[in-house]
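The structure under discussion appears below in the form of structure tokens.
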Amino acid sequence: MNVKRAPDRVQADREPLFQTMIESLPDLLIRYEPDGRVQYVNRSLTELFGELREIPTRGGNAAEDGRQAESAYHRTVRAQASWVFQTGRAVTIEQPLERPAGDKVVQEIRLVPEFGADGQVKTVLAIARNMTPWKAAEQHLRAKERELEELACKDSLTGLANRIAFQRELRQRLEHLSGHGGRIALLTLGIDRFKAVNDTLGHCCGDQMLKECASRLVASVGDKGYVARLGGDEFGVILFHVADRCEALETAHALARDISRPMRIGTNNISISTSLGVAIGPDDSADEDELVRFSDIALYEAKPLGRNAACSFSCEMRDRFEKRFEAERLIAEGITLNQFSVVFQPKVELATGEIIGAEALCRWRHPQLGMISPEDFIPVAEETGLILDLGKLVLTKACQFAVICNSKRMLPILIAVNVSARQLAFEGFTGTLADCLHQTGCKAEWLELELTESNFLDDDQAIIRSMKAMSASGIRLSIDDFGTGYSSLSYLSRLPVNTLKIDKAFTCGMKTDPRQEVLVRAIITMAQGLGMLTVAEGIENEDVAKKLLMMGCDTGQGFYFHKPLSAEVLLEELRGRCSFEELGISFR
Ligand code: C2E
Ligand code: MG
Ligand code: MG
Numbered sequence: 021m022n023v024k025r026a027p028d029r030v031q032a033d034r035e036p037l038f039q040t041m042i043e044s045l046p047d048l049l050i051r052y053e054p055d056g057r058v059q060y061v062n063r064s065l066t067e068l069f070g071e072l073r074e075i076p077t078r079g080g081n082a083a084e085d086g087r088q089a090e091s092a093y094h095r096t097v098r099a100q101a102s103w104v105f106q107t108g109r110a111v112t113i114e115q116p117l118e119r120p121a122g123d124k125v126v127q128e129i130r131l132v133p134e135f136g137a138d139g140q141v142k143t144v145l146a147i148a149r150n151m152t153p154w155k156a157a158e159q160h161l162r163a164k165e166r167e168l169e170e171l172a173c174k175d176s177l178t179g180l181a182n183r184i185a186f187q188r189e190l191r192q193r194l195e196h197l198s199g200h201g202g203r204i205a206l207l208t209l210g211i212d213r214f215k216a217v218n219d220t221l222g223h224c225c226g227d228q229m230l231k232e233c234a235s236r237l238v239a240s241v242g243d244k245g246y247v248a249r250l251g252g253d254e255f256g257v258i259l260f261h262v263a264d265r266c267e268a269l270e271t272a273h274a275l276a277r278d279i280s281r282p283m284r285i286g287t288n289n290i291s292i293s294t295s296l297g298v299a300i301g302p303d304d305s306a307d308e309d310e311l312v313r314f315s316d317i318a319l320y321e322a323k324p325l326g327r328n329a330a331c332s333f334s335c336e337m338r339d340r341f342e343k344r345f346e347a348e349r350l351i352a353e354g355i356t357l358n359q360f361s362v363v364f365q366p367k368v369e370l371a372t373g374e375i376i377g378a379e380a381l382c383r384w385r386h387p388q389l390g391m392i393s394p395e396d397f398i399p400v401a402e403e404t405g406l407i408l409d410l411g412k413l414v415l416t417k418a419c420q421f422a423v424i425c426n427s428k429r430m431l432p433i434l435i436a437v438n439v440s441a442r443q444l445a446f447e448g449f450t451g452t453l454a455d456c457l458h459q460t461g462c463k464a465e466w467l468e469l470e471l472t473e474s475n476f477l478d479d480d481q482a483i484i485r486s487m488k489a490m491s492a493s494g495i496r497l498s499i500d501d502f503g504t505g506y507s508s509l510s511y512l513s514r515l516p517v518n519t520l521k522i523d524k525a526f527t528c529g530m531k532t533d534p535r536q537e538v539l540v541r542a543i544i545t546m547a548q549g550l551g552m553l554t555v556a557e558g559i560e561n562e563d564v565a566k567k568l569l570m571m572g573c574d575t576g577q578g579f580y581f582h583k584p585l586s587a588e589v590l591l592e593e594l595r596g597r598c599s600f601e602e603l604g605i606s607f608r
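According to my numbering, the residues represented by the sequence shown are 21 to 608, in order.
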């Protein structure tokens, strides 16, 4: 049977229960009366302060007690309690306290009003909790956070500030200038050909080199500036005071000279060069992001100039860069939207006039801008690295064409593809090539790669290795635009080159300048001596074609024979007319 108990009886039953709970709470409880006197304190509080003498209970006075620290504590709590009496609103405060044992704690004290039936605040209850362990944990956490922040701002290899710290410093410096005037210079410094050195000597040496550069920079700049490693082989320097652009450039050159002094890395003595971009704040910009961008643009201009070049930012430079950037965007879009195609310019055997090969040439028809010359877009694609995608596209189309042409031919037509230095230097190039042959079913013997002399300027071992591998697989290699580069001829004897393509500047020049003829003759003789074939490009008339044949040139290419043709037209050409007799041309 369920017995219903009267509410006051239930209350009375619960009273001792609440009392035990309150007395065993670790929190301190103090109940204040409106005149500031303490009506009640729980056991935790008495345990903490011992006797309650210093608490202004009825009949006691803290000031008389003389324990100033504790009194100050209670004065504050009482003052807060009086505020709660006045406003009727709860409040939370944080209060330090030195305990009688001498240790210091921090308390969080919440003071809440207790209302009577008339809506007036009758008493205020203060509940104090020791927050010391939490505070200690918080402080520890903050210290760890600071440590992490410091780490996040530091470059772990060189110990220099990193990009984040650099940007912050730059912002502060520029802000300072806006109030005080003056000029700062931002120098962005890149190590030339760092990747090649890193690849050749190993990453360990590369790291040592970066460290050495960092310490040289720090020593050179001293307290006149701020040095950071911005990432990879790029360093940033803020020069705190420069009079003008000239002074900034002078310092840039001095830094470059310092870094280019030979350095001992492992067992090697190495000399490196750097390129530098310079921007001036606030002249060029007072915004740190923009200033960094401008000095990057200047560095971008300095890079191709080579050894220790420093360029200072200018608006024309920015316009050029933006145009190039827009061109890059358009090329990338063109690749995605299939705007690029490939045409084939036949190569004919000069003795018979037979088409024996064709050069794949890339074409770009933009829906609004019309036909764009490869002379314009290939350099941009090379600079931006888009040549890797574009080159793959051309290679695939060329291989597909070689398969269509040659699958039923006894004597295969050799399809030549132009390969940029950037493509050849790309370590995945031989893999791309193998994939392409495999996927299209093209035989290695049907493919020729036209490389320019610029590939051999640096005697890059990786390039030499990949050329040897390609040649061993049966792919033929020719040197395009031969005679226009600046490389030494010695590479010809060391590399597996099958053919020299005499540049069209020589071929065209033969008509008017007998000295060009001498040069062409010399190239042909040299190629014959080295067991190489010759192709003359840019043949525009019969006389030149005849002369070349008489000089012993094997193959010709040029508008005189054929303009670059679409794949369909060339196939048609190959099926039908393909000898000089049929074309009505005769050399004999
Ligand atoms: P290149 O490899 O030396 O190609 C020969 C260039 O000479 C072609 O120009 C061709 O149309 C042009 N040509 C052919 N016969 C004659 C002639 O009788 N007289 C004159 N004046 N010119 C003739 P194009 O197609 O404008 O290509 C220019 C350059 O662009 C190429 O020079 C090559 O360096 C580059 N290029 C073209 N397609 C590609 C490609 O797919 N990949 C790479 N990496 N470069 C390419
Ligand atoms: Mg070519
Ligand atoms: Mg050429």
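Even glycine gets a Cβ: it sits at the ideal position worked out from N, Cα and C.
- Sorting 481, 379, 398 and 397 by C-alpha distance to the C-alpha of residue 435 places 379 at the top.
- Residues of the same chain with a CB within less than 8 Å of the CB of residue 365, apart from the 5 flanking positions on each side, are 378, 379, 381, 577, 582, 583, 584 and 585 in chain order.
- Contact check for residue 558 against residue 521 fails: the beta carbons are separated by 7 Å or more.
- Approximately 25 Å separates the beta-carbon atoms of residue 47 and residue 162; this is outside 8 Å, ruling out the contact.
- A distance filter of 5 Å between CB atoms and the heavy atoms of ligand 2 selects the following residues in sequence order: 438, 470 and 500.
- Residue 487 carries a helical assignment under DSSP once its states are collapsed to helix, strand and coil.
- For residue 402, same chain residues with a beta-carbon under 8 Å away, outside a window of 5 residues either side, are 440, 441 and 442 in chain order.
- Rounded to whole angstroms, the Cβ separation of residue 249 and residue 175 is 4 Å, and the two are in contact under 8 Å.
- Residue 293 and residue 254 have their C-alpha atoms spaced approximately 13 Å apart.
- Only exposed fits residue 184, as fewer than 16 other CB atoms lie within 10 angstroms of its CB.
- One alpha carbon belongs to residue 533, the other to residue 591, and they sit about 37 Å apart.
- For the set 33, 36 and 68, the Cα lying nearest the Cα of residue 50 is the one of 68.
- The alpha-carbon of residue 346 is positioned some 47 Å away from that of residue 371.
- Relative to residue 406, the option among 456, 350, 450 and 454 whose CA is nearest is 350.
- In this structure, residue 579 has its CB closer than 6 Å to one or more heavy atoms of ligand 1.
- Judged by their CB atoms, residue 264 and residue 240 are not nearer to each other than the 7 Å cut-off.
- Closest by C-alpha distance to residue 332, out of 41, 181, 343 and 312, is 312.
- Proximity to residue 340 across 317, 324 and 355 peaks at 317, based on C-alpha coordinates.
- As far as DSSP is concerned, residue 374 takes part in no beta bridge.
- Taking 6 Å as the cut-off, the C-beta of residue 557 counts as close to a heavy atom of ligand 3.
- Taking C-beta atoms under 8 Å as the contact rule, residue 258 and residue 209 fail to qualify, at a distance of about 12 Å.
- Residue 236 is bridged by DSSP to nothing; it lacks a bridge partner.
- If you draw a 10 Å sphere on the C-beta of residue 295, you find 16 or more other C-beta atoms in it, and that means buried.
- Under the three-state reduction of DSSP output, residue 522 falls in the strand class.
- A check of alpha carbon separations from residue 132 across 160, 101, 330 and 361 identifies 101 as the nearest.
- For residue 462, the secondary structure class from DSSP, reduced to helix, strand or coil, is coil.
- Excluding residues up to 5 positions away in sequence, 487, 488, 491 and 497 lie with their Cβ nearer than 7 Å to the Cβ of residue 516 in the same chain.
- Annotated as distal: residue 144 and residue 108, with beta-carbon spacing of 7 Å or more.
- Note on residue 565: 16 or more other CB atoms within 10 angstroms of its CB, so buried under the neighbour-count rule.
- The beta carbons of residue 484 and residue 444 sit about 10 Å from each other, so the pair does not count as a contact at 8 Å.
- Take residue 572, set aside five residues on each side of it, and the residues of its chain with a beta-carbon closer than 6 Å to its own are 544, in chain order.
- Residues 248 and 256 of the same chain have their beta carbon placed closer than 6 Å to that of residue 186, with the five preceding and five following residues left out of the count.
- Between the segment 381-396 and the segment 425-434 there are fewer than three C-beta pairs closer than 8 Å, too few to call the two in contact.
- The nearest non-hydrogen atom of ligand 1 is less than 6 Å from the C-beta of residue 414.
- Remark: C-beta atoms of residue 415 and residue 462 do not approach each other more closely than 7 Å.
- Each of 420, 396 and 373 was checked against the Cα of residue 363, and the nearest Cα belongs to 420.
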